[in-house]
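Numbering (the working numbering), first residue to last: 24 to 136. For reference, the structure is listed below as structure tokens.
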Ligand SMILES: [Zn+2]
């Protein structure tokens, strides 16, 4: 029991650290997500398309970060509620293997299928 609590505390700390990394990455990349200026007299058409591609990629990455942050926040919430490790759909205990692959997975294999 004590070991399980310790594991959860370690897991929670690593989830919080990951969340902070995601937020830091969001903050430092906010510039590249800004809309591409329509009036760019000094920049050619090709460069503008490059800039739009870079922006699109930055937006896609931000969406992925956002999704991951939401999953992490939910997992931290389950840890705090003492519900971590149980499928949110059926309530069955989830396999340690499945959680090892992705500790933020909220459902068991059967419910995910
Ligand atoms: Zn389930």
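For every residue, glycine included, the Cβ atom is placed at its ideal position computed from N, Cα and C.
- The Cβ-Cβ distance between residue 121 and residue 81 does not fall below 8 angstroms.
- Positions of the alpha helix (DSSP H) runs, each at least 4 residues long and wholly inside the region 29-117, are given as 68-103 in order along the chain.
- Residue 136 carries a coil assignment under DSSP once its states are collapsed to helix, strand and coil.
- Each of 29, 125 and 52 was checked against the Cα of residue 94, and the nearest Cα belongs to 125.
- Comparing alpha carbon positions, the residue from 70, 68, 136 and 48 closest to residue 113 is 136.
- Three or more Cβ pairs drawn from the region 29-44 and the region 97-105 lie within less than 8 angstroms of each other, which places the two stretches in contact.
- Relative to ligand 1, residue 115 has its C-beta within less than 7 angstroms of a heavy atom.
- Restricting attention to 123, 109, 134 and 132, the CA atom closest to the CA of residue 38 is found in 123.
- In this structure, the straight-line span from the alpha carbon of residue 73 to that of residue 47 is close to 25 angstroms.
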